[in-house]
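Enquirer: Take the sequence shown: its position 76, counted from the start at 1, is 106 in our numbering, and no numbers get skipped.
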Amino acid sequence: MQATFQLMADSPAFFMGFVFIVSLMVGSFLNVVIYRLPVMMERSWKAEIAEYTGSQEAAKSNASQPSAPPFNLVKPDSTCPKCQHKIRAWENIPVISWLALRGKCSQCNNPISIRYPLVELATGLLSTLVAWHFGFGLAGFAAVGATWLLIAMTFIDLDTMLLPDQLTLSLLWLGLLLSIESPFVSSHDALIGAALGYLSLWSLYWTFKLLTGKEGMGYGDFKLLAAIGAWVGWQHLPVVVLLSSFVGAIVGVTLLTVQGKDKSQPIPFGPYLAAAGWLTLLYGDWIVEQYWQWMLP
Ligand SMILES: [Zn+2]
């Protein structure tokens with residue numbers, strides 16, 4: 031273990047290779063998180079509602095399934111949704127298995143979504159870019175971890191319009207704790223960043239709601255911007271908000287014109303916040319520098 035760390039410290043190429051391989055495997059796990067975490071949340075809400083209302087129907091459905099099989103991030107084993115064929119170890123190698131199986135279940139030929147290998151590959155490549163950017167050390171490892179969390183949040187929000195507390199709050203606490211060592215910003219800036227991140231979107235939400243009666247975003251978005259604020263510091267929050275609104279507007283208008291999407295249909299804001307936060311963590315200073323260069327002749 032110590033020898034591995036020494037090798038990573040001495041050789042940037044070894045460090046990046048290590049991060050790439052580990053992140054491909056993590057990407058495979060993120061696919062599980064992206065699919066299962068919202069289902070787990072829905073189940074626990076239903077259980078809470080049943081407990082709270084104590085309605086007959088809920089009692090009946092509880093009685094009819096006295097012990098529902100466990101459903102969490104490790105149980106049950108992954109199976110083909112069509113034929114229930116258990117995914118074996120060799121069929122679970124990131125990217126490679128999907129290519130070897132040509133995107134089909136080995137038993138029933140049911141197509142396997144290309145999104146699985148793409149999430150794995152994106153996790154591997156983005157993490158390697160982060161490792162290259164920050165190099166071996168606390169900042170590098172921390173930013174790779176943040177990248178994993180942000181990828182999971184992006185896809186869960188795209189699928190379900192939810193940003194689970196388990197992910198947003200983990201990112202927030204991690205950012206605040208790390209700031210003790212100031213790999214990115216000081217604790218002072220991280221703390222103000224977290225508070226202002228939350229409050230800025232919160233006040234925007236209420237202004238918008240009181241004026242129009244509509245809800246433009248959700249509490250998950252406030253928590254995510256609070257978390258990002260803890261990583262990039264309050265000074266960079268305007269960059270995050272402007273970048274996410276800019277990209278969100280472009281994608282939104284494109285979807286409206288290309289797909290003819292309904293204007294009233296909500297568009298998740300989390301993926302844009304996540305992308306903008308990630309870009310700002312890596313290139314925030316550079317972006318601010320460019321901005322002032324263009325603004326000040
Ligand atoms: Zn199958």
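Beta carbons are placed, not taken as given, at the ideal position from N, Cα and C, and that holds for glycine.
For the putative contact between L202 and A256, defined by C-beta atoms under 8 Å, what is the C-beta separation to the nearest angstrom?
Expert: The Cβ separation is near 6 Å, so the contact holds.
Enquirer: Tell me whether W308 is buried or exposed, calling it buried when 16 or more other Cβ atoms sit within 10 Å of its Cβ.
Expert: Under this definition W308 is a buried residue.
Enquirer: Please specify which runs of the alpha helix (DSSP H), each continuous and at least 4 residues long, are wholly inside the region 182-251, giving them in chain order.
Expert: Those alpha helix (DSSP H) runs which fall completely within the region 182-251 and span 4+ residues are 195-208, 217-242.
Enquirer: Are I359 and A182 close, meaning C-beta to C-beta below 7 Å?
Expert: Shown here, the chain extends from 31 to 327; a query on residue 359 therefore has no answer.
Enquirer: How is K253 classed by DSSP in three states: helix, strand or coil?
Expert: In this structure, K253 counts as helix in the three-state DSSP scheme.
Enquirer: Roughly how far, in whole angstroms, is the beta-carbon of R118 from the beta-carbon of F101, given that I think they are within contact range, below 8 Å?
Expert: Not confirmed; about 21 Å, so no contact.
Enquirer: Would you mind sorting H266 into buried or exposed? The rule is 16 or more other CB atoms within 10 Å of its CB.
Expert: Classification for H266: buried.
Enquirer: How would you call L60, buried or exposed, if buried means at least 16 neighbouring beta carbons within 10 angstroms?
Expert: So L60 ends up on the buried side.
Enquirer: Would you mind giving the Cβ-Cβ distance between V262 and V215, rounded to the nearest angstrom? I have them listed as a contact below 8 Å.
Expert: Rounded, the Cβ-Cβ distance is 7 Å, consistent with contact.
Enquirer: Hey, how far is the Cα of C138 from the Cα of S200?
Expert: Those two C-alpha atoms are separated by around 39 Å.
Enquirer: Flag N140 as yes when its Cβ comes closer than 6 Å to any non-hydrogen atom of ligand 1, and as no otherwise.
Expert: Yes, since a heavy atom of ligand 1 falls inside the 6 Å radius drawn around the Cβ of N140.
Enquirer: Looking at ligand 1, does it come within less than 6 Å of K134, judged from the CB to the closest heavy atom?
Expert: Not under cutoff, so the answer is no.
Enquirer: State the CB to CB distance for the pair T153 and V56, rounded to an integer number of angstroms; the pair is presumed to be in contact (CB under 8 Å).
Expert: Right, the Cβ-Cβ distance comes to about 6 Å (below 8 Å), so this counts as a contact.
Enquirer: Check whether the region 35-55 touches the region 157-177, counting contact only when three or more Cβ pairs, one atom from each stretch, lie closer than 8 Å.
Expert: Judged by Cβ distances under 8 Å, the region 35-55 makes contact with the region 157-177, as three or more pairs qualify.
Enquirer: Helix, strand or coil for P141, going by three-state DSSP, please let me know.
Expert: Strand.
Enquirer: Only counting the same chain, and skipping five residues up and downstream in sequence, which positions put a Cβ closer than 7 Å to that of D187?
Expert: Here the set comprises L193, P298, G300, P301.
Enquirer: What three-state label does DSSP hand K76 in the structure shown?
Expert: In this structure, K76 counts as helix in the three-state DSSP scheme.
Enquirer: Measuring only from the beta carbon, is K112 closer than 6 Å to any heavy atom that is part of ligand 1?
Expert: Yes.
Enquirer: Expressed to the nearest angstrom, what Euclidean distance is found between the alpha-carbon atoms of G223 and T198?
Expert: If I take the Cα positions, the gap works out to 15 Å.
Enquirer: Would you tell me roughly how many angstroms separate the C-alpha atoms of A306 and L206, rounded to the nearest one?
Expert: If you take the alpha carbons of A306 and L206, they lie about 19 Å apart.
Enquirer: With a threshold of 6 Å, establish whether the CB of Q265 neighbours any heavy atom of ligand 1.
Expert: Not so, every heavy atom of ligand 1 lies at least 6 Å from the Cβ.
Enquirer: Can you check DSSP and say which residues form a bridge with T109?
Expert: T109 pairs with K116.
Enquirer: Are the CB atoms of S157 and S233 within a distance shorter than 7 Å?
Expert: Against a cut-off of 7 Å, the Cβ pair of S157 and S233 comes out as no contact.
Enquirer: For S334 versus E150, is the C-beta spacing smaller than 7 Å?
Expert: With the chain represented from 31 up to 327, any question about residue 334 goes unanswered, as that position is not in the structure.
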